[in-house]
Structures are given as structure tokens and as C-alpha cells.
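The letter at position 34 of the sequence shown is residue 34 when you use the UniProt record's numbering, and the numbering goes up by one with no holes.
For every residue, glycine included, the Cβ atom is placed at its ideal position computed from N, Cα and C.
Have a look at the structure below, then the notes.
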Amino acid sequence: MQATKRLVIIAGEESGDIHAAALVRQLTSDYESLEISGIGGRHMEAAGVHLISDLARYGTTGLTEVVRHLRIIKKAFDAIKIHLSQSKPDLLVLVDFPGFNLRLVKFAKQLGIRILYYISPQIWAWKPNRIEIIRAYVDRMAVILPFEKEIYQRANIPVSFVGHPLVEKIPNCEDPSSARKELALPTDKRLVAMLPGSRRNEIERHMPILVATAEALTKQMDNLHFVIPIAGTLSPEIIKNYFSQSNVKISFVLGKASEVAACSDCVVVASGTASLECALLEKPMCIIYKGSLLSYIVAMKVIKVKYLGLCNLLKNEMIVPELLQYDCNTTELTRALTELLTDQEVIARMQGRLKALKLSLSSGQADCTIAELVKSELQYAEE
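Below, the structure is given as C-alpha cells:
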């Protein structure tokens, strides 16, 4: 009979919550006795994690949004410190969420807890000094981008490349017509998917631009239909109300963003995890993002990379167009989407580059899976 293992996982955002939940499901199928607790959201809870705090539902991005939820974040931080002290887990798995997690590592290490960090902070984009905190307190990094492995190896930090979790989750849409029927979407129209983001502040800044763009495209082209998959973190009415005075032909789908994007002709997507997901679908796409003025000013001073979209960053070239901040407007977005709907040469070139990107992120190139690595670390902690 296996001795009971105790695992704490911390994922404070929606995407991390999803990836952590997938890891938990794999682990619980392999262990007879495993106690898992931590910070996350509805996905982790559904997978059987005992939540100390649900931070994922707040979806904080940008400086002003973090400040708005500071009291909630501090309460969760204090609660997890107490929990770690009392439970003394065999392993602490930190999933992304560096502003929170990197403040916790010193405390956890002082308790003698082994630490695995899954999904690296983007030290290659900003705050490179975070690598010193990682070197001092984290036992092993589990990275999902190939070039990150080399960064940590150069710093003599134990690291494993585990492949990107999205690669294995991308739906295979060999029959778009059937897929559209299942989603109650028209099969005889050119379908444009709009993914405005999963957080309230993203919706407020992106939706007016998306509505105006849909109206402009409708005037220019026949046979267009738009669709928005609504994130589970949002009320559907919030999205639908933006189109209450519009004549645009549009459908709304609850969740299923991957499935919607997979059967669409092109996609406009807010920068973030969803943009990489669309890239892995090899869809003609355009990335947008508009933050608060304060967040934008701060970002311009600290971010050290040329591109925001991960698909562009990974290839170090503009594979797909990015419309950011002041360029994120109706005129520029209408122009970009017109090209993605009409220029076959542009479409073919983009899809070819996205296919190469997908191959480079495959778990087939990985050192091991994240579940295998966690099991190894749990065994190490026992010795």
C-alpha cells in the first residue's frame, strides 16, 4: 500500500487553473493515495483539488487590475502560508502566476518543502532578475517553451522541457461543416471568430473595437458571419449587450473557444494563451491587445521583447499581425481581417509558418511529461 502523498498546487489565473487541473487528473489516476490542495479555480476544484482560495476567477492582468484585487490576493497569500506550515506537503507545484508564486518560494523553502515550478515566468521578456530568486529557492523548472530550457541551463538551474500543454489539447477539425453544425453555426458563410479575452477589463477595451470592425466588414463583404465563444469567467449578457444596436450577423457560443476557432475561416484574438491556441490550430489570425494607459506605460518601460504574441516571439518574426494599444483600432483591424479573408498568398504563407511552430512545441520533443516529472519529484522528496 502506498503511503499518502501530499501535494500543493498554486495556479492563480484561468489558463494555469486549466493546465493544473489536467495535471491533477493524470496524477490521481496513477496514485492510490494522494492529497492535493492549493490555490486555483473551478477547473482544479472539479478535478478534486481542495481549494484554499479561488483566485483564478478574478483574472488579474496589468498593474491597475492587480491593485484593484490587492486585498483578495493578500488574503490568499496569508492563507496559503498557514496551510503550508500546517500541512508540510511533499511537493509544492507552482504554475505560472509569478507575481504571487515568487513571493512564496522563500517561505516554502524555509519550511523544507521541495518546489517544482511549472510554466516559467517570462524572464526573457521582462524582470530578468527573477532568475536569481528561482536559482535560490526553486528545485526544478518545468518549462513549456524550447528556448527556455537553454536559459536555465546557462544559469545552472535544474530544468526539464515538458512540451506545451496546449499542443495535445488542440481539436482536430477535419470536417469544419460538421463541426459548425454541432455548434449551431452557419455552414454556408465565411466565419470570423472573435476572441476578446476572458477578463472583464479586456472585454471593456476590446469589444467596442470588435463591434465596429464587424460592422465595417459587413458593409465591405457579402456572406460574412461572426461568432464569439464566451469565456466561462464572463456573463454572456455582458458580451451580447455590445451588439444590441448592431445589425451584424453574429452567434454566441458558451465556452468551446478552440472548437469555434478550429471551424472558422479566420480569427481575431486577444493576446494571451488563446492566441497561441489559435496559432496551433494553424488559423489565419490577428492578435489584438489594448490595456489601461498606466499598464501600457509601465509595460513599454520594462518589456524587452519585440513581439507580444507568443507565436511571433517563438519564431522571432512577425508570423501573424499584432495590433497593440494605439494600433488596436477599427481601421487597422478591418484592414488586417480583410487581408486574412481574401489574400490566398498571405493565408498560405501564414499557415505554413504556424505549422512549423506547432511541430517545435510538440511534447514529442520533450524530456518528459509534466505528470512524470511531478511523480519523480514526489519520489525524490521521499528519499
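Coil, strand or helix - residue i by DSSP
i      : result
Met194 : strand
Gly62  : Since pLDDT at Gly62 reaches only 49, below the 50 mark, its modelled position is unreliable, and no value is offered.
Ala270 : strand
Glu32  : coil
Glu45  : helix
Leu280 : helix
Leu224 : strand
Gln351 : helix
Glu14  : helix
Asn316 : coil
Asp188 : coil
Ala3   : coil
Lys306 : coil
Leu55  : coil
Gln245 : coil
Ser360 : helix
Cys368 : coil
Ser376 : helix
Ser275 : helix
His19  : helix
Ser292 : coil
First and last residue of the uninterrupted alpha helix (DSSP H) at residue i
i           : result
residue 388 : Outside the shown range of the chain (1 to 383) lies residue 388, about which nothing can therefore be said.
His83       : 70 to 87
Ser178      : 176 to 182
Cys263      : First-last for Cys263: undefined, no H or E at that position.
Beta-ladder partner(s) of residue i, from DSSP
i      : result
Ser37  : Val8, His50
Glu322 : Ile287
Leu254 : Ile230
Residue i, enclosing beta strand (DSSP E) - first and last residue
i      : result
Met141 : 140 to 143
Ile288 : 285 to 289
Leu333 : Not the beta strand (DSSP E): Leu333 falls in the alpha helix (DSSP H), residues 330 to 342.
Ile238 : Ile238 -> not in any beta strand (DSSP E); alpha helix (DSSP H) instead, spanning 236 to 240.
Glu168 : Element bounds for Glu168: n/a, residue is neither H nor E.
Exercise for the section: Decide if the region 137 to 156 is in contact with the region 211 to 221; the criterion is three or more beta carbon pairs, one per stretch, under 8 angstroms apart. Expected result: Fewer than three Cβ pairs drawn from the region 137 to 156 and the region 211 to 221 lie within less than 8 angstroms of each other, which leaves the two stretches out of contact.
Exercise for the section: Spell out a yes or no on whether the region 275 to 290 and the region 351 to 364 are touching, meaning 3 or more CB-CB pairs, one atom from each, closer than 8 angstroms. Expected result: Yes, the region 275 to 290 is in contact with the region 351 to 364.
Exercise for the section: Taking 8 angstroms as the threshold, find out whether the region 220 to 232 comes into contact with the region 194 to 208 through three or more Cβ pairs. Expected result: Verdict: yes, contact present.
Problem - Cβ contact (3+ pairs, closer than 8 angstroms) linking the region 319 to 329 and the region 365 to 380 - result: Segment contact: the region 319 to 329 against the region 365 to 380, fewer than three CB-CB distances shorter than 8 angstroms; contact not assigned.
Practice task
Starting from the N-terminal side, write out each stretch of the alpha helix (DSSP H) that is 4 residues or longer and does not extend beyond the region 91 to 169.
Solution key: As far as the region 91 to 169 is concerned, its whole alpha helix (DSSP H) runs of at least 4 residues are 98 to 110, 130 to 137, 146 to 154.
Practice task
Could you say if the region 42 to 61 and the region 130 to 146 meet the contact criterion of at least three C-beta pairs nearer than 8 angstroms?
Solution key: Counting Cβ pairs under 8 angstroms, fewer than three are found: no touch.
Problem - Stretch-stretch touch, CB-based, cutoff 8 angstroms, three pairs: the region 331 to 338 with the region 114 to 126 - result: These segments do not touch.
Handout entry: Validate contact between the region 242 to 258 and the region 155 to 164 using beta carbons, cut 8 angstroms, 3 pairs
Key = The region 242 to 258, when compared against the region 155 to 164, does not touch it at the 8 angstroms Cβ threshold.
Exercise for the section: May I ask you to verify whether the region 18 to 34 touches the region 74 to 88, counting CB pairs closer than 8 angstroms and requiring at least 3? Expected result: Contact between the region 18 to 34 and the region 74 to 88 is absent: fewer than 3 CB-CB pairs across the two stretches fall below 8 angstroms.
Practice task
Please confirm if the region 344 to 355 is in contact with the region 106 to 120, defined as three or more CB-CB distances below 8 angstroms between the two stretches.
Solution key: At 8 angstroms Cβ cutoff, the stretches do not touch.
Handout entry: the region 308 to 318 touching the region 187 to 194, judged by at least three CB pairs closer than 8 angstroms
Key = Fewer than three beta-carbon pairs drawn from the region 308 to 318 and the region 187 to 194 are found closer than 8 angstroms, and the two stretches are therefore not classed as touching.
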